[in-house]
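In our numbering, the protein residues as written are 4 to 153.
In structure tokens, the structure reads:
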């Protein structure tokens, strides 16, 4: 069994309902162990003004390997209505941020360090996003700190 820490977020439509639906779908990929509060956050990385986000951190126990879990996260996003102008992936030369119904990021996975064209663990911009760190620290076991994963 593996432990993954995810960040859910969205800034379009009924954001609270979308987070709940994503959480329900993620529950089909493993066992939800902990969930943070939902937090309103300012957009990060956008070139033009967009609506604020609602974010939530999730701890998921799963049998899936990181790449398969990433695939499931992308499937859930698509099933919930997310469309991408930028296919993304960490190998993209230019990163384009766009409003979204739902976004599911894998922040941490066990204490694994992983890098592939579509997935980097720990998430490469985690430490640059104070709101993500705050939500993650809310659900991390007391005997762990973020630094334990680096």
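Beta carbons: idealized from backbone N, C-alpha and C, even for Gly.
Going by C-alpha positions, residue 35 is about 15 Å away from residue 110. Residue 76 is bridged by DSSP to nothing; it lacks a bridge partner.
Judged by beta-carbon spacing, residue 149 lies within the 9 Å limit of residue 140, meaning their Cβ atoms are closer than that value. Distance from the CA atom of residue 119 to the CA atom of residue 108, rounded to whole angstroms, is 15 Å. For residue 43, the uninterrupted beta strand (DSSP E) run begins and ends at 42-44, by DSSP. Sequence-distant partners of residue 75 (beyond 5 residues in either direction) whose C-beta falls short of 6 Å from its own C-beta, in its chain, are 32. Of all alpha-carbon atoms in 86, 137, 19, 132, the one lying nearest the alpha-carbon of residue 47 is that of 132.
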